[in-house]
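Accompanying notes for the structure given below.
4 protein chains.
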Amino acid sequence: MIHHFTPTRYHVTIGWHEPVLHVKDGDTIVTTTVDARGRDHTDTAITPRGNPQTGPFYVEDAEPGDTLAVHFDRLAPNRAIGWTGRYLAPNVLDPGYVRNTAESLSDAKTVCRWEMDLDRWTATLIDPADTRIGRFTLSLSPMLGCFGVAPSLGQAISCATSGPYGGNMDYKDFKTGTTVYFPVFAPGALLHVGDGHAVQGDGEIVGTGIEISFDVQITVRVIKGKTIEWLRGETDTHIFAVGNARPLDQALQHATTEMARWLQTDYGLDQVAAHTLLGQCVEYEIGNVYDPAYTMVCKVKKSILRQIGVIA
Amino acid sequence: MIHHFTPTRYHVTIGWHEPVLHVKDGDTIVTTTVDARGRDHTDTAITPRGNPQTGPFYVEDAEPGDTLAVHFDRLAPNRAIGWTGRYLAPNVLDPGYVRNTAESLSDAKTVCRWEMDLDRWTATLIDPADTRIGRFTLSLSPMLGCFGVAPSLGQAISCATSGPYGGNMDYKDFKTGTTVYFPVFAPGALLHVGDGHAVQGDGEIVGTGIEISFDVQITVRVIKGKTIEWLRGETDTHIFAVGNARPLDQALQHATTEMARWLQTDYGLDQVAAHTLLGQCVEYEIGNVYDPAYTMVCKVKKSILRQIGVIA
Amino acid sequence: MIHHFTPTRYHVTIGWHEPVLHVKDGDTIVTTTVDARGRDHTDTAITPRGNPQTGPFYVEDAEPGDTLAVHFDRLAPNRAIGWTGRYLAPNVLDPGYVRNTAESLSDAKTVCRWEMDLDRWTATLIDPADTRIGRFTLSLSPMLGCFGVAPSLGQAISCATSGPYGGNMDYKDFKTGTTVYFPVFAPGALLHVGDGHAVQGDGEIVGTGIEISFDVQITVRVIKGKTIEWLRGETDTHIFAVGNARPLDQALQHATTEMARWLQTDYGLDQVAAHTLLGQCVEYEIGNVYDPAYTMVCKVKKSILRQIGVIA
Amino acid sequence: MIHHFTPTRYHVTIGWHEPVLHVKDGDTIVTTTVDARGRDHTDTAITPRGNPQTGPFYVEDAEPGDTLAVHFDRLAPNRAIGWTGRYLAPNVLDPGYVRNTAESLSDAKTVCRWEMDLDRWTATLIDPADTRIGRFTLSLSPMLGCFGVAPSLGQAISCATSGPYGGNMDYKDFKTGTTVYFPVFAPGALLHVGDGHAVQGDGEIVGTGIEISFDVQITVRVIKGKTIEWLRGETDTHIFAVGNARPLDQALQHATTEMARWLQTDYGLDQVAAHTLLGQCVEYEIGNVYDPAYTMVCKVKKSILRQIGVIA
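Chains as they are written, first to last, in the numbering used here: chain A, 86 to 397; chain B, 86 to 397; chain C, 86 to 397; chain D, 86 to 397.
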């Protein structure tokens, strides 16, 4: 079944909020998200800033201990104007460099503005116009920055951070075609979505991607009785596990551990096989290194899994 | 001029050691390296383990404050047998998972053995033979794990770690065709090379790639009066800066700061241009997350630099 | 006014929960807390484990942007039996040491039991009885491990962690006689208290102090219009600021920054004075190094503040 | 035997340098150190800056695998003028705070000057004279900031950092009366001493204590066949183990692991006894949080060891 849902309120925490819609295993939701500052498809501020979330959606039969699979059928900007932070975040630069260059950062709250061309699938820097890169143009690569299911224990957690339930991860492969697997902590899972980016460099190191409102279509599926500890995902080419923590070292520990479990529990590899395969084939990618929790992604190519005969 | 150099002794530190050969700007060196355990092309242990280095090579005219450019003309395994660690390093896993799974790691010092097919350019796991992945075969992707120039202040630093001078970085793009730029701290730069890997996953998370002896051909060039703070490099497709430190967060700060300097100082971008470009286009990759210092690589596509007209 | 409050329900998150009692500026609350596993003064489990909190208490007139001062009039164990974790947490040990010693940790969930002598003010280890330290006896030093006010944005956050609002900090000077200052995020502040420890080493490195139910008496005061960013506190001898984050380096940054602000904003020191004083007089102490966020405390002696004439 | 040694050259690395004096087990050395900038007891710069070290001293019979015990008989400033850094290091402050306050740090290289009164045992700030703390006076608490034995593998490591061999640790209890135990890596141990501080706050957070030249008297002892992994020490009241690394979390792991080993191997505690004792009695203190490696000290009271009968 396809649900068309028009949001009327938003949450800046991911939590055990009142569901806005009940859906079933296999259902599709077509909806929209506002941008990180609460601006909609007309670039009008309709809700307070802070990665406001659409939802939560209650998925029937999803219970604590299950896994919720969410396929991103379509994620796409739905307006002409996006914006970005203008300066590198001080936490991604050497502290001494920050001290010595800070004088030039007096307009640190000013943003850059970008114009979308949704036909040519590009974004072009239009303000400021006087920098060395001029009308800098990039191909769009739309992704969701912040989304998740309700965390454990009835928690409600700020959309500025992340954890085992998802949150503000800003990982580039949370894009159309990707499937994300969530541990379910609350009855109905309570799925939230928000914070679309038209483009984003690794790490979200200016504190933003090209922030913009989105059209979102997703399809949900409940995997009964399957328990995972951290987000997992799947693209055309890879499986991946997501760890969220600071320092990055700890995020990497979470992601690597989840992947080691996955290979052994789901794909039946013995420990030496799993460790040896990861040792010579693992890939890492970085999500957010801006927020209180950083995001590390641990990936394995599906071609490798096919080669060893554990997927078709 | 091409120098053919056959090493007779090796160093397990990178330091102000007696040079084994004097070369000039533009010269090429053809030599060999032993594997991480000091085993040569006949798989004979000829020197103590610990990433033994060939060299150092004294490059005429390279003085402190200059930059040394080293092009990796050819890096290739030169024997049939390589080996890898058998278990994930405990520092890349959740501490609680290590505690709970440690019982099965009793043979933690045992290695896996791989057979090279240098015609088909593959490595095949031959020992242990009884794991779920059987005779697991991977394409070769040879790279140097540990190399560098003499560090500042007359230091001699263990080949188990890394710093602004290079060291044990284990980054996959230190491969044939890459150029690496080093800050020069000692007269003659004193270049060391060693620790070849036939294949390696990101992070070197079992503590090894497929460790093997190498044939190495490199060409050196001195860039007088140019001072850099951390290693830089160039592949066909990217420029990159390397940060080495723990935690990864700090390695990322070093690498990002060096890239921000690079874009502004060498390519003439103003601060807003450099920061905005990095914000939406930066890529990160991970070197070693096994050693006392971890390695983070900050990359920008050359196609982006071409688009803004700062390279041809 | 003195309120005697007997709790009937508990929360394992600190959040915007329904207040159990409204109190006024200057009021005193006399109440009790259960232990970390939800066991009361009769050692009966009456609520689920997870540092259950008594409260929240609504303090009239406390509004976002104000500061809430809470004086710990009396914190004391109120039963004869306490318990501790039996093994060092794996995150406070070298990863390789954990791997190599983990075999002996098979009963990691077993606890130690301690008997209180509330007259002699001691705790004595009674189970296991067969270790080298036998009936090991320590003087009591009662403290609250976990408490706080409702966090920003309507959040509800697990009592396993901490932040600017307080939480599970496990710092030894949260004891009788100490005053704690909280930033107020919610109307009424919504104060929660729980997790008493009869004794605790720095860092709570076995994951517990001597966990026990408490009698608690506190007096609250509202400081209108005063805004702080992290918890502050005051003992007979010191002022202190508390930072909560991982890694400890970041917790230290938060605590040091809050102290630097305090000296300049509240005590009128110029920047050179504040920095120079901290440089030669600062003291650090460690709270929890067990939880997702670690706790660092930055202290200055009151005798120093008296010497420079900024306090009486 | 007492050796009076007048240094004529200094090292800014700790390494396998030519010994300046050979001494025997039980011998005492009376010597001097210059300050961190290479200035002697007349405040004259006689050697380059960078924590220049006196020595190394070769201790007969000390061999790799032994432990060297060094008793600090007397550590005392020997001139009237000391200096300190004027601003908090940017790495101990929140990155955003650094960015926002950096404008006022334009004279970041300027130092403060302090006058010693060696009769009254005080230091008084004399320059700048116009801050809110005026002629701020502190009691002396002399300590050695940087010292160590030659590291493993023939390494020579900058006096800006630290490791298992010692180095720049800046811990306040490296003072008169303390005994320090070093793992021996080189024949003769090769002891270096330098970097006296008349006073220092925890962490050395302005990058300096009150830096000054010192009179140093030490007595050495060789403990044959005893192997330790990190520095240990002993004061009148405590035993302690020292971990050096970043982040602080890792330094804490090293120190805690060394202490757990110590209690079990040297004092014969079983694992549950050692872990339980540490859990409720451990104390942590912070050395340097300024350098590439941070320093964490893990302490246990001797009174506790006496109570359980493992020391007299």
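All C-beta atoms in this analysis are idealised placements derived from N, C-alpha and C, irrespective of residue type, glycine included.
CB contact below 7 Å: residue i versus chain C
i: D:Leu238; result: no
i: A:Ala121; result: no
i: D:Thr216; result: yes
i: D:Ala235; result: no
i: A:Pro268; result: no
i: D:Ala340; result: no
Cutoff 7 Å: residue i Cβ touching any chain B Cβ
i: C:Pro272; result: no
i: D:Ser243; result: yes
i: C:Val183; result: yes
i: D:Val97; result: yes
i: D:Pro141; result: no
Through-space distance from residue j to residue i, alpha-carbon basis
i: A:Thr93; j: A:Thr117; result: 10 Å
i: D:Thr322; j: A:Val382; result: 48 Å
i: D:Leu363; j: C:Gly286; result: 7 Å
i: A:Gly318; j: A:Gly372; result: 13 Å
i: C:Pro137; j: C:Leu276; result: 13 Å
i: C:Thr263; j: C:Phe270; result: 22 Å
i: C:Glu56; j: C:Lys384; result: The question about residue 56 of chain C has no answer here: the residues shown for chain C are numbered 86 through 397.
i: A:Gln240; j: D:Thr209; result: 53 Å
i: B:Tyr256; j: D:Ser247; result: 26 Å
i: B:Asp156; j: A:Leu203; result: Residue identity differs from the one stated: residue 156 of chain B is His in this sequence, not Asp. Taking the straight line joining both Cα atoms gives about 42 Å.
i: A:Val284; j: A:Arg205; result: 14 Å
i: C:Met228; j: A:Pro249; result: 31 Å
i: A:Gly273; j: A:Gly181; result: 48 Å
i: C:Gly123; j: D:Glu200; result: 57 Å
i: C:Ile411; j: D:Glu289; result: In this structure chain C extends from 86 to 397, so residue 411 of chain C is not present and cannot be described.
Residue i - containing beta strand (DSSP E), residue span
i: C:Gln240; result: C:Gln240 -> no beta strand (DSSP E), and no H or E assigned at all.
i: C:Leu106; result: 106-108
i: B:Arg317; result: 317-319
i: A:Arg159; result: 152-162
Any chain A beta carbon closer than 7 Å to residue i
i: D:Pro175; result: yes
i: D:Asp134; result: Before going further, note that residue 134 of chain D is Arg rather than Asp in the sequence given. With 7 Å as the cut-off, D:Arg134 does not count as an interface residue toward chain A.
i: D:Pro213; result: no
i: D:Thr180; result: First, the residue type needs correcting, since residue 180 of chain D is Pro and not Thr in the sequence shown. Chain A contact via Cβ: present.
i: B:Val357; result: yes
Cross-strand partners of residue i (DSSP beta bridge)
i: A:Val382; result: A:Val327, A:Glu370
i: A:Gly100; result: A:Ala241
i: A:Phe270; result: Its beta-bridge partners do not exist; DSSP assigns none.
i: A:Ser312; result: The sequence shown places Thr at residue 312 of chain A, rather than the Ser named in the question. In DSSP, A:Thr312 forms no bridge with anything.
i: D:Met228; result: D:His282
i: C:Met201; result: C:Ala208
is_contact[residue i, chain D] using C-beta, thresh 7 Å
i: A:Gly310; result: no
i: B:Thr186; result: no
i: C:Asp376; result: no
Opening and closing residue of the alpha helix (DSSP H) in which residue i lies
i: A:Pro180; result: 180-186
i: C:Trp347; result: 333-350
i: D:Gln392; result: 387-392
Touching by the beta-carbon criterion (3+ pairs, under 8 Å), the segment 328-343 of chain B and the segment 138-152 of chain B: Not touching, per the Cβ criterion.
Three CB pairs or more closer than 8 Å across the segment 173-182 of chain C and the segment 195-215 of chain C: With the cut-off at 8 Å, the segment 173-182 of chain C and the segment 195-215 of chain C do not touch.
At least three beta-carbon pairs within less than 8 Å, the segment 346-365 of chain D to the segment 213-224 of chain C: Yes, the segment 346-365 of chain D is in contact with the segment 213-224 of chain C.
Touch test, the segment 207-218 of chain A against the segment 347-360 of chain B, Cβ-Cβ under 8 Å, three pairs minimum: The segment 207-218 of chain A, when compared against the segment 347-360 of chain B, does touch it at the 8 Å Cβ threshold.
contact_flag[the segment 125-133 of chain D, the segment 280-295 of chain D] where n(CB pairs < 8 Å) is 3 or more: For the pair of segments examined, the segment 125-133 of chain D was found not to touch the segment 280-295 of chain D: the number of CB pairs separated by less than 8 Å stays below three.
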